[in-house]
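In terms of the working numbering, the sequence shown opens at residue 63 and continues consecutively. Beta carbons: idealized from backbone N, C-alpha and C, even for Gly. Have a look at the structure below before the remarks.
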Amino acid sequence: MNTIEETIEVAVPVRTAYNQWTQFKSFPRFMSAVKRVEQIKPAITHWVIRYGPVRCAFQAEIVHQRPDSSVVWRCLQRRPSHWGEVSFRPTAPDRTQVTVRIESTPGKVASLLTNASSRLTRRVVQRELGHFKEFIEGLGQESGAWRGSIHNGHVQPTEPEPPRSRVARWPVG
């Protein structure tokens, strides 16, 4: 198993950084290796990634998601497989530390190239985090937001439902 962890500080509040990160469909706008992201269900995404001659398509399940804190996912294919987490920590009212951690299990052929692929993945993650920083700082605000929570792959409502009134609705007239 290979583990990669990279951190960057962005000059926006934690809410802004988190809100933009949850806009998966916008990733191709600032991440050069991400070619397409489709939101299949609230907790399932389909990714197409290409770096040089290497092309990879996979589905990922968001296992845990806490607003302004973290997003944890796992790849749904068996080999090669990975899981990851991105966490958000305020360092000042207008600054956020974004940390990406990815653990991968290479396929049979890729296991022969583990060290080389680990170094390549680390460089790609560093570069893409730099692109995220440029993008979000250039905008100064998020382009959208999803404020729901996910626990063990189950989507939690963004706000609890208000209690229903026991009083019958009276006609207005």
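Three-way DSSP call (helix, strand, coil) for residue i in this model
i	result
N64	strand
A79	helix
V171	Only weak support is given to the placement of V171: the predicted model assigns it a pLDDT of 45, under 50, and the value that follows is read from those uncertain coordinates. Looking at V171 - three-state DSSP - the assignment turns out to be coil, as it is neither helix nor strand.
S94	coil
R184	helix
R140	coil
E204	coil
R117	strand
Beta-bridge pairing of residue i - partner residues as DSSP gives them
i	result
S132	R128, S149
R163	E67, E147
T158	V72, P152
A122	T107, C137
H216	H213
Buried versus exposed, by CB contacts within 10 Å (16 or more), residue i
i	result
Q203	exposed
Q82	buried
L201	exposed
Q127	buried
E67	exposed
A122	buried
P75	buried
Q218	exposed
V187	buried
V116	exposed
H144	buried
I212	buried
T153	exposed
I198	buried
Rounded straight-line distance, which links the Cα of residue j to that of residue i
i	j	result
A105	G146	14 Å
V72	R157	6 Å
V148	R163	6 Å
T161	E190	12 Å
T167	V125	18 Å
I70	L182	18 Å
T78	R184	25 Å
A207	N64	31 Å
N214	V134	10 Å
H193	S88	12 Å
V96	A119	10 Å
I111	R98	7 Å
I102	S131	23 Å
Min CB distance residue i to chain D below 8 Å
i	result
Q203	This model lacks chain D altogether, as it is built from one protein chain only.
Contact test: residue i Cβ vs the ligand SAM heavy atom, cutoff 7 Å
i	result
R181	Looking for the ligand SAM in the displayed structure turns up nothing, as the structure carries no ligands at all.
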